[in-house]
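Data first, discussion second: the structure below is written as structure tokens.
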Amino acid sequence: MIDKLYLKGSEEVPEINFNATTGKLEISGRSIPENANIVFSPVLSWLNLFFEKPNTEITLVLKLEYINSSSTKKIIEILLLLEKQFEKGSKIKVEWFYKTIDLSMEKKISELLGLFKIPSEIKVY
Amino acid sequence: MKVLIGPLTKNIFFNTIFSLILAILLGIIDWYTGYEISFQFFYFIPLSIIAINDKQKKRYLIIWAFLIALCWFLADYYAGHSYSSTQLRIWNTASRFIVFISFVFLVNANVKSRNRIKLINTDLLRKDKLISDSVAYATNIQNSVIPDYKRFKEFFPKSFIFSKPKDVLSGDFFWSYTKDNKITMALADCTGHGIPGALLSVVGIILLNKVVIEKSIESPAEILTELNKELVDLFSTGNELIDDGMEMCVVFYDKNTEEMTIAQTTEGAIIFDDLGNFTTVNSDIFTIGGILSKHKKVRFSNHQFKIKKGATLYLFTDGYIDQFGSTANIKYGITKFENELKSLHKLTASEQLEILSNQHQQWKGNLNQTDDITVVGINV
């Protein structure tokens, strides 16, 4: 299994940086692709591979400036996967960053994270 | 030329006979006029007639090139053209044979590919017609399941619906149901557009009829909750895992009490008062169907408004604000849209419709439409 997953970001897709040794998965930037499946399916398959090992530990760091609805769906899919692993005993944490000016984003994030059992923090950047 | 040899190419028998006679005739003329005058060009005529038939076999093409070269050889020989050595005569004939063979193969390949393109085009046109015919008919079905706009118009005479599908069929739909002095309205945006969007929209309409009319549910939040339950149930019976769903805004309004209740899955409602102050209505995080609503317990909230005369309500799907355009190729955006509504909410319904349509067209320019568009404007 590869230790690192790195996907370069652009105007439309976020930068994805996953380090298996530190257990940090960072998704940052804008996510407004027409087909979010193409962007996020490597992340999901990577996570599934990652969780095959015992005693896994992951911190999901989200720094999303703008996110469209199909990407939101994919983030939810990731969160559902993390929650499943959390219930199985993995150490999971979510850190979701938002910009100070975007208060509606903060409300949306806390509302969404409130639905999951995973420990999470909402931070300003 | 095409008119002349056109009919000849149709029938392989006449085609062959004609070319043969022509070749012999050319040989005789060439022999008669002597070797000093170059006659080569005319030998290409029977060759063209042969090569232009796209059913011609390769070996016949070679035989024909050989025949014509032989014709030329005989004419040259009997015209008394003398060469310093016999090898030169053979060399000249061979070089002509190669020129002829290249010619017939090139012409034949060209004709074949042109005919194939023609065939593909005809096939494409036929398929295109088939698809557009069935899409047009599907539009009829979609339109016939949506409740009559007449009742809605009677309830709100000063209203308009701006609807512009990305393709012919739309994934957006507007639904309404009136009873006495009460109206329930729903504006929905189904995942995707075109055929998949339209299929989902028909499901949405049927479920709305069930929940609002049969079960007589009035509370918008409760309507959304029920719709989600119905849709998730419906999709979990199949084998395929479907995470598709719809965004929806449900409005309930009672004319007697002037109370309006709104619940929605995404920001898609703005209310203007008589003075031009506007309120955007909050939305919930859940959609109808979709991955989150399938795995978590949904919760929708009602928002209450007192609607006085002169107030205007706008319901919209994200197609209008998500349209890419202008020179910078950026999205139209909510702020521009709010300002646009602010400037036109006092105008008549038909004027508003025209301005919205023109403004969209102007912004879009030559770019493709991003998504299905629906904007409903209601002057209460």
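Going down the list, the sequences are from chains Z and P.
Each residue of the first sequence is one higher than the last, beginning at 63 in the working numbering.
Each residue of the second sequence is one higher than the last, beginning at 82 in the working numbering.
Heads up, the beta-carbon is just placed ideally off N, CA and C, and yes, glycines get one too.
Computed from a predicted model, the values in this text were never measured in an experiment.
A Cβ-Cβ distance of about 6 angstroms is found for the pair I369/P and L312/P, placing them in contact under the 8 angstroms criterion. Residues E77 of the same chain have their beta carbon placed closer than 7 angstroms to that of K70/Z, with the five preceding and five following residues left out of the count.
Note on G278/P: 16 or more other CB atoms within 10 angstroms of its CB, so buried under the neighbour-count rule. The contact set of L144/Z on chain P, defined by CB atoms closer than 7 angstroms, is empty, because the minimum CB distance reaches about 13 angstroms.
Excluding residues up to 5 positions away in sequence, L128, I131, V185 lie with their Cβ nearer than 7 angstroms to the Cβ of W145/P in the same chain. Taken in chain order, the complete alpha helix (DSSP H) segments of 4 residues or longer contained in the region 286–370 of chain P are 301–317. I459/P is not a Cβ neighbour of L356/P, given a cutoff of 9 angstroms. Of the other Cβ atoms in all chains shown, 16 or more fall within 10 Å of the Cβ of K247/P; this residue is therefore buried.
Taken in chain order, the whole beta strand (DSSP E) runs of length 3 or more contained in the region 380–414 of chain P are 384–387, 393–397. Taking E74/Z as reference, the option from S93/Z, E139/Z, N81/Z, L87/Z with the minimal CA-CA separation is S93/Z. Boundaries of the alpha helix (DSSP H) around A98/Z: 98–112. In terms of beta-carbon proximity, D253/P stays away from the interface with chain Z, with every pair separated by 9 angstroms or more. Per DSSP, reduced to three states, the secondary structure at F120/P is coil, with no helix or strand assignment.
Around the beta carbon of I110/P, fewer than 16 other beta carbons sit within 10 angstroms, so the residue counts as exposed.
Rounded to whole angstroms, the separation of the alpha carbons of R197/P and G406/P is 39 angstroms. A residue is called buried once 16 or more other Cβ atoms fall within 10 Å of its Cβ, and F122/P, having fewer, is exposed.
In this structure, the beta-carbon distance from T346/P to H384/P does not fall below 9 angstroms. One thing to note: K263/P has its Cβ within 9 angstroms of the Cβ of F333/P. Chain Z has a Cβ within less than 9 angstroms of the Cβ of G371/P. Using beta-carbon distances, E139/Z counts as an interface residue toward chain P, with a partner under 9 angstroms.
The alpha carbon of E303/P has as its nearest neighbour, out of V249/P, D365/P, I182/P, K245/P, the alpha carbon of D365/P. Within 10 angstroms of the beta-carbon of K135/Z lie 16 or more other beta-carbons, which makes it buried.
Nearest to Y116/P by C-alpha distance, out of F254/P, F154/P, S382/P, is F154/P. The continuous alpha helix (DSSP H) containing N196/P extends over residues 167–226.
By the C-beta density criterion, F95/P is exposed, having fewer than 16 other C-beta atoms within 10 angstroms.
The beta carbon of A156/P sits closer than 6 angstroms to the beta carbons of G108, D111, W112 from its chain, once the five residues preceding and following it are set aside; these are given in chain order.
Its chain contains K387, I388, K389 as the residues whose beta carbon lies nearer than 7 angstroms to that of E339/P, once the 5 sequence neighbours on both sides are disregarded; these appear in chain order. Distance from the Cα of G161/P is smallest, within the candidate group I118/P, K208/P, A344/P, for I118/P. V456/P is bridged by DSSP to F243/P, F397/P.
Under the DSSP definition of a beta bridge, V156/Z partners with L122/Z, S182/Z.
By the Cβ neighbour-count rule, K375/P is buried, with 16 or more other Cβ atoms within 10 Å of its own. Contact of E157/Z with chain P is not assigned, every C-beta pair being separated by 9 angstroms or more.
Taking 9 angstroms as the threshold, the shortest C-beta distance from K445/P to chain Z does not fall below it. For E119/Z, no chain P residue has a Cβ inside 7 angstroms of its Cβ, as the nearest lies near 24 angstroms away. Sorting D324/P, R170/P, E419/P by C-alpha distance to the C-alpha of F359/P places E419/P at the top. Taking a beta-carbon distance threshold of 9 angstroms, E74/Z does not count as an interface residue toward chain P.
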